[in-house]
Amino acid sequence: MSKPKIEFHVPSGEWVMASNSGISDQILARDEATGDTTLLQRYEPGASTPEGTITHDYWEEAFIVTGTLTDLGLGVTFDAGSYACRPPGMQHGPFTSATGCLTFIVNRYS
């Protein structure tokens with residue numbers, strides 16, 4: 000099975016909060032066989048990642064659509080329009096967003 004074929008539409012999936020952190024995800028598409036996922040991630044103003052430095056066993060691409068996102072590990076704040084491409088095992092974060100932000104994320108295992 001692969002990700003579903005979906006034509007342009009307004010996503011209606013539920014926003015799921017990550018452990019009361021002020022960060023929520025809306026899954027846009029997911030391949031259940033591979034785990035590849037496309038999602039929106041929303042930070043409320045003042046929200047921070049609760050787990051500290053983050054690593055994944057998959058590729059992660061992230062694009063900041065609106066707002067700002069600060070990587071506390073790097074000490075750098077990124078604005079809307081910023082893009083990251085992280086290979087498996089790359090450390091990043093922790094993150095916070097003073098203004099709140101919306102990111103578009105693609106996670107893939109291949």
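Under numbering that gives the first Met the number 0, the sequence shown has 88 at position 89, and the numbering climbs by one with no breaks. Virtual Cβ for every residue (Gly too), placed ideally from N, Cα, C.
Between the CA atoms of residue j and residue i - distance to the nearest angstrom
i: Ile-86; j: Trp-58; result: Checking the sequence, you will find Pro at residue 86 rather than Ile. Roughly 5 Å separates the two Cα atoms.
i: Phe-7; j: Tyr-108; result: 25 Å
i: Val-15; j: Gln-40; result: 9 Å
i: Phe-94; j: Ser-47; result: 6 Å
i: Gly-74; j: Gly-66; result: 17 Å
i: Asp-56; j: Asn-106; result: 10 Å
i: Gln-90; j: Ile-104; result: 16 Å
i: Ala-83; j: Asp-70; result: 12 Å
Residue environment, residue i, which counts as buried when at least 16 other CB atoms sit within 10 Å
i: Ile-22; result: buried
i: Cys-100; result: buried
i: Ser-18; result: exposed
i: Ser-11; result: exposed
i: Thr-36; result: buried
Residues near residue i in its chain [Cβ-Cβ closer than 6 Å; skip 5 each side]
i: Gly-51; result: Pro-93
i: Asp-78; result: Thr-67
Per DSSP, cross-strand counterpart(s) of residue i
i: Thr-37; result: Ala-28, Val-105
i: Ala-61; result: Ala-83, Ile-104
i: Val-9; result: Paired residue(s): none; Val-9 is not in a bridge.
Closer than 8 Å to chain C by CB, residue i
i: Leu-101; result: Absent here is chain C; the protein component of the structure consists of one chain.
Host beta strand (DSSP E) of residue i (start-end)
i: Val-75; result: 75-78
i: Ser-96; result: 94-96
Contacting residues, own chain, Cβ-Cβ under 7 Å from residue i (five flanking each side not counted)
i: Ser-81; result: Ile-63
Cβ shell of residue i (< 8 Å), same chain only, five flanking positions each side left out
i: Thr-98; result: Pro-44, Gly-66, Thr-67
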